[in-house]
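Residue numbers (the UniProt record's numbering), protein chains in the order written: chain A, 1 to 203; chain B, 1 to 203. We treat Cβ as the ideally placed atom computed from N, Cα and C, and that holds for glycine. Heads up: the structure comes next, in structure tokens.
There are 2 protein chains.
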Amino acid sequence: MSTTSAALTRREQILKEAARLFAERGFHGVGVDEIGAAVGISGPGLYRHFAGKDAMLAELLVGISGRLLTGGKRRAAEARSGGDAAEALLDSLIEGHIDFALDDRPLITLHDRELDRLRDSDRKLVRQLQRQYVELWVEVVRDVYPAMVEPEARATVHAVFGLLNSTPHLSRPGPLPGRNAMARLLHRLARGAFAAAASNGAA
Amino acid sequence: MSTTSAALTRREQILKEAARLFAERGFHGVGVDEIGAAVGISGPGLYRHFAGKDAMLAELLVGISGRLLTGGKRRAAEARSGGDAAEALLDSLIEGHIDFALDDRPLITLHDRELDRLRDSDRKLVRQLQRQYVELWVEVVRDVYPAMVEPEARATVHAVFGLLNSTPHLSRPGPLPGRNAMARLLHRLARGAFAAAASNGAA
DNA sequence: CAGCGACGTTAATGACCGTTAACTCGCTCC
DNA sequence: GGAGCGAGTTAACGGTCATTAACGTCGCTG
């Protein structure tokens, strides 16, 4: 019961700070001494908790992909009821992804930025999880819009991920909508994109 | 007349290969020897053409942002005619951005991945160009959808950029639409997202 | 043909960085 | 109360890498 409590374990502290630093300056751009300093210990002390710098990145990326997929599967399972199930499930998937993108920006950033820095086996695992997540969406989308052909649906899902994951890229300047307004806006945009994808443009 | 000819200058070769390598493995992930090898010369020979590795990245990023902005401005200028000008201009901007995203994937990738690796002055310049480009879009979008408030329009434009720039992330596996089909699909998705943003969700 | 400038080459330098070694300290549990 | 262990510490090693130095070689020009 310790790992899920409010107070973070040392390991979790490290992972959280490492995620932030990796997202800010890239995997190769941050040294182990910096990660250590961010949690109040220094440099090689990290090796009591992780096998190496690579292991931290691997755990982060596998964790993200896994959590996304698990959340998606849970929502799909919960949706086995009602008649308009597909519509509701799509909304649920969108909502879940938005929550993730808005609340875990560093992880989202890492997710499609540092995948290539992984050992082959870890990268394969992450990619497999990502693929399953995409296929889950594709099925639901084709359930809602039966007219869509599969490659189109897959490309659309990727594009919508790009749309939903765009928030980390704009943090800095001027006036932006607040968190809830942003969540509603992104949801609307995603639905609009799917609807537009479905209206076949065979012109 | 040399820099725009079909045969690339040595400098341009280097930039092109550097862009590809940076996009594949990150700025810190590729060494100058690799870049040199990619154009048939070795390591330090690059310093006859560039002040350093940083200078290559800077030139790439400034070049991308500049070309995007220039293209956008040109399209805006060309659109000063006709009655439904705003609609057509938005379509033109979307089309231009899609062409760029589909034809210069490595540059698009670099564009929002390695900005933080720049010297302060270069980063400021790039960000300024990016901001101008965004504001150009925002104006056009608000012209087409006068009901949209500015922060909403700006967030939407960012999100649509995320959508249009999503193509580099999916190159590898299964069946995907071909280039032209993809361009049409992305265009439809973008228009759908804008339309959805405009339909105010004050529910 | 002297010479110079553009373009490369290899070798050396110096910094940085991930990882390991060796050691310390404080707590817990027989 | 001391054996053992979890969690840190600093110092050192080894490798990588951007950058510079020193040197060579064309090809053009006067």
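About 6 Å separates the CB atoms of A147 of chain B and N200 of chain B; that is less than 8 Å, so the two are in contact. At least one CB atom of chain A sits nearer than 9 Å to the CB of M182 of chain B.
The beta carbons of L189 of chain B and A196 of chain A sit about 6 Å from each other, so the pair counts as a contact at 8 Å. Not a single CB atom of chain B sits nearer than 9 Å to the CB of D120 of chain A.
Between G63 of chain A and L136 of chain A a beta carbon distance of about 18 Å is seen, past the 8 Å cut, so the two are scored as non-contacting. For H169 of chain A, the nearest CB of chain B lies under 9 Å from its own CB, placing it at the interface with that chain.
Annotation: Cβ neighbours of D112 of chain A in chain B (cutoff 7 Å, chain order): H169.
Taking each of B:R119, B:T167 and B:H97 in turn and checking the Cα distance to Y133 of chain B, the smallest one comes out for B:H97.
Contact of S65 of chain B with chain A is not assigned, every C-beta pair being separated by 9 Å or more. In terms of CA proximity to R127 of chain B, A:H169 leads the group A:H169, A:R127, A:L21 and A:L60.
Within its own chain, the residues whose Cβ lies closer than 8 Å to the Cβ of G26 of chain B, once the five positions on either side in sequence are excluded, are R113 and E114, listed in chain order. Not one beta carbon of chain B lies nearer than 9 Å to the beta carbon of L125 of chain A.
By the Cβ neighbour-count rule, R80 of chain A is exposed, with fewer than 16 other Cβ atoms within 10 Å of its own. Chain B has a Cβ within less than 9 Å of the Cβ of G162 of chain A. Under the criterion of beta carbons closer than 8 Å, A86 of chain B and V144 of chain B qualify as touching, at roughly 5 Å.
Not one beta carbon of chain B lies nearer than 9 Å to the beta carbon of G52 of chain A. Along the segment 134-158 of chain A, the positions whose C-beta sits under 8 Å from a C-beta of chain B are E150, P151, E152, R154, A155, T156 and H158, read in chain order.
Contact with chain A is absent for R80 of chain B, since none of that chain's Cβ atoms lies less than 9 Å from the residue's Cβ. Listed by position along chain B, the residues whose Cβ is nearer than 7 Å to that of S166 of chain A are H158, A159, F161 and G162. Counting along the chain, the unbroken alpha helix (DSSP H) around G72 of chain B starts and ends at K53 to E78. For the options A:R20, A:E17 and A:H28, the alpha carbon positioned closest to that of D116 of chain A is the one of A:H28.
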